[in-house]
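J.:
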Amino acid sequence: MFVVKVPGINGLGRTKGCEKAGNSILAELKEIYSNERGIPIDVKLLDLEEIHLDNSNLELTNRLIYANALEIFSEKQKTVFLGGDHSISYSLVCAFLEHCKKIKEEPCLIVFDAHPDCMKPDKNFPVHEEWLSALIEKGFPPENVFLVGVRNIYPSEKIFLEKNKIKKMDMNQLFENLEDSCDILMEFSKNKQIYISIDIDSIDPAFAPGTGYKEPGGLTSREFLYLIQRLHKLKNIRSVDLVEINPEKDIGGITVKLGAKILSELI
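In terms of the numbering used here, the sequence shown opens at residue 5 and continues consecutively.
So, in structure tokens, the structure goes:
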């Protein structure tokens with residue numbers, strides 16, 4: 005497993021602090037001695053890297069993320085990217101899309117998020133509320149996107165989702181039958197190259213308070229771990245990103261601890 009820190013933020017000031025998440029998560033990972041499959045966890049044995057970024061220069065930041073990710077996808081079988089806020093996913097998934105084109109494979113994007121992040125992108129470098137709509141406008145096939153856990157949608161985002169026929173699974177569907185919901189996601193991603201993007205606010209703020217946009221009514225940490233453990237069994241997962249964890253807004257380190265737990269289950 006290749007783990008890459010991507011401390012990029014472009015969140016209108018609301019995500020300042022997320023750039024510290026990667027180091028905080030890895031520090032907390034040292035306290036996890038094995039994951040729930042019994043695999044020993046030793047941070048010293050992880051294949052670690054960092055994309056060094058200057059968040060005051062968004063053009064350079066996006067270029068560095070894209071170029072490094074494109075190289076990583078060509079060399080590594082599976083990678084976890086630790087953000088940063090959700091804006092980093094734009095350049096990461098653009099690189100993933102380009103890689104899939106090169107190897108002539110179909111890309112698939114599963115996004116766990118309380119928000120669709122489909123505000124109209126009117127900037128050169130999408131902020132964390134615009135990255136998905138910008139990605140689709142860039143050419144990612146909308147029929148291969150699945151939003152999971154969305155529970156707060158702006159009217160303009162609703163129009164965008166309907167226009168592009170983007171699949172989404174709301175909280176009630178997840179809650180009614182978590183196992184069946186997971187089966188739907190696994191069937192959706194069959195025979196595709198999979199990228200999973202995890203915004204920590206997909207989890208209820210009672211379990212993950214350390215984030216900028218808290219939305220009540222989300223998944224419990226146990227429910228989310230079940231989903232990610234099931235999805236991790238898929239052999240065609242190429243990448244996962246984990247974003248929007250903000251140690252500066254955390255309470256008792258609980259969100260960072262959960263981030264480390266999620267990372268351990270991906271190893």
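We put the beta carbon where it would ideally sit given N, CA and C, even for glycine.
(1) Under a three-way DSSP split, which group does residue 205 fall into?
(2) Just checking, does the stretch 134–142 make contact with the stretch 87–106 on the three C-beta pairs under 8 Å criterion?
(3) Using three-state DSSP, classify residue 173 as helix, strand or coil.
(4) Closest to residue 85 by CA distance: which of 227, 64, 61 and 56 is it?
(5) With distance defined between alpha-carbon atoms, name the residue in 9, 44 and 200 nearest to residue 30.
(6) Taking 8 Å as the threshold (C-beta atoms), are residue 203 and residue 117 in contact?
(7) Look up residue 245 in the DSSP assignment and say whether it is helix, strand or coil.
(8) How is residue 70 classed by DSSP in three states: helix, strand or coil?
(9) Opposite residue 112 in the DSSP bridges: which residues?
(10) With C-beta atoms as the reference, is residue 120 less than 8 Å away from residue 68?
(11) Going straight from the alpha carbon of residue 249 to that of residue 231, what length do you get?
(12) Given this structure, state the Cα-to-Cα distance separating residue 41 from residue 181, to the nearest angstrom.
(13) CB of residue 184 to nearest heavy atom of the ligand ZN: below 7 Å?
(14) Ordered along the chain, which non-local residues of its own chain (more than five positions away) have a Cβ less than 7 Å from that of residue 39?
(15) Is the beta carbon of residue 257 less than 8 Å from the beta carbon of residue 246?
(16) Would you kindly report the start and end of the unbroken alpha helix (DSSP H) that includes residue 184?
(17) Determine the closest residue to residue 50 out of 12, 240, 210 and 7, with distance taken between C-alpha atoms.
(18) For residue 32 and residue 93, what's the separation of their Cα atoms in angstroms?
(19) Extract the residue ranges of the alpha helix (DSSP H) inside the stretch 14–70, only unbroken runs of 4 or more that lie entirely within it.
(20) Under 8 Å between the Cβ atoms of residue 112 and residue 196?
(21) Near residue 177, what residues of its chain come up, given a Cβ to Cβ distance below 8 Å and the 5 sequence neighbours on each side ignored?
(22) Buried or exposed for residue 210, please, with buried defined as at least 16 other CB atoms from any protein chain shown within 10 angstroms of its CB.
(23) Which residue's Cα is closest to the Cα of residue 199: 106, 213 and 238?
(24) Which residue's Cα is closest to the Cα of residue 219: 226, 208, 227 and 77?
(25) Can residue 151 and residue 163 be called in contact, C-beta distance under 8 Å?
T.: In short:
(1) To locate residue 205, count along the sequence shown from 1; it is residue 201. Three-state DSSP puts residue 205 in a helix.
(2) yes
(3) Residue 173 sits at position 169 when you count from the first residue of the sequence shown. Correct three-state label for residue 173: strand.
(4) Taking the first residue of the sequence shown as position 1, residue 85 is located at position 81. Residue 56 is the option with its Cα nearest to residue 85.
(5) Within the sequence shown, residue 30 is the residue found at index 26, counting from 1. When only C-alpha atoms are compared, the closest one is 9.
(6) Within the sequence shown, residue 117 is the residue found at index 113, counting from 1. Within the sequence shown, residue 203 is the residue found at index 199, counting from 1. Yes, these two residues count as a Cβ contact at 8 Å.
(7) The sequence position of residue 245 within the sequence shown is 241, counting from 1. Correct three-state label for residue 245: strand.
(8) The residue you call residue 70 lines up with position 66 of the sequence shown. Looking at residue 70 - three-state DSSP - the assignment turns out to be helix.
(9) The residue given as residue 112 occupies position 108 in the sequence shown. Looking at the DSSP assignment, residue 112 forms a beta bridge with 198.
(10) One-based indexing of the sequence shown puts residue 120 at position 116. One-based indexing of the sequence shown puts residue 68 at position 64. No, the Cβ-Cβ distance between residue 120 and residue 68 is not below 8 Å.
(11) Here residue 249 corresponds to residue number 245 of the sequence shown, with the count starting at 1. Here residue 231 corresponds to residue number 227 of the sequence shown, with the count starting at 1. Approximately 19 Å between the Cα atoms of the pair.
(12) As a working mapping, residue 41 is identified with position 37 in the sequence shown. As a working mapping, residue 181 is identified with position 177 in the sequence shown. Spanning the two alpha carbons is a distance of roughly 23 Å.
(13) The ligand ZN is absent from the structure shown, which contains no ligands of any kind.
(14) For the purposes of this step, residue 39 is taken as residue 35 along the sequence shown, with counting starting at 1. Closer than 7 Å at Cβ, skipping near neighbours: 45, 268, 269 and 271.
(15) On the sequence shown, residue 257 is found 253 positions in, with the first residue counted as 1. On the sequence shown, residue 246 is found 242 positions in, with the first residue counted as 1. Cβ atoms of residue 257 and residue 246: not closer than 8 Å.
(16) For the purposes of this step, residue 184 is taken as the residue at position 180 of the sequence shown. Here the alpha helix (DSSP H) through residue 184 covers 182–192.
(17) The residue you call residue 50 lines up with position 46 of the sequence shown. Out of 12, 240, 210 and 7, 7 has the C-alpha closest to the C-alpha of residue 50.
(18) For the purposes of this step, residue 32 is taken as residue 28 along the sequence shown, with counting starting at 1. For the purposes of this step, residue 93 is taken as residue 89 along the sequence shown, with counting starting at 1. If you take the alpha carbons of residue 32 and residue 93, they lie about 23 Å apart.
(19) List check, alpha helix (DSSP H) in window: 25–33.
(20) Translated into the one-based positions of the sequence shown, residue 112 becomes position 108. Translated into the one-based positions of the sequence shown, residue 196 becomes position 192. For residue 112 and residue 196, yes; Cβs fall inside 8 Å.
(21) Indexing the sequence shown from 1 puts residue 177 at position 173. Closer than 8 Å at Cβ, skipping near neighbours: 185.
(22) The count along the sequence shown starts at 1 and reaches residue 210 at position 206. The residue is exposed, with fewer than 16 neighbouring Cβ atoms inside 10 Å.
(23) If you number the sequence shown from 1, residue 199 lands on position 195. The candidate whose alpha carbon is nearest that of residue 199 is 238.
(24) Residue mapping note: residue 219 aligns to position 215 of the sequence shown, counting from 1. Out of 226, 208, 227 and 77, 208 has the C-alpha closest to the C-alpha of residue 219.
(25) Residue 151 sits at position 147 when you count from the first residue of the sequence shown. Residue 163 sits at position 159 when you count from the first residue of the sequence shown. No, these two residues do not count as a Cβ contact at 8 Å.
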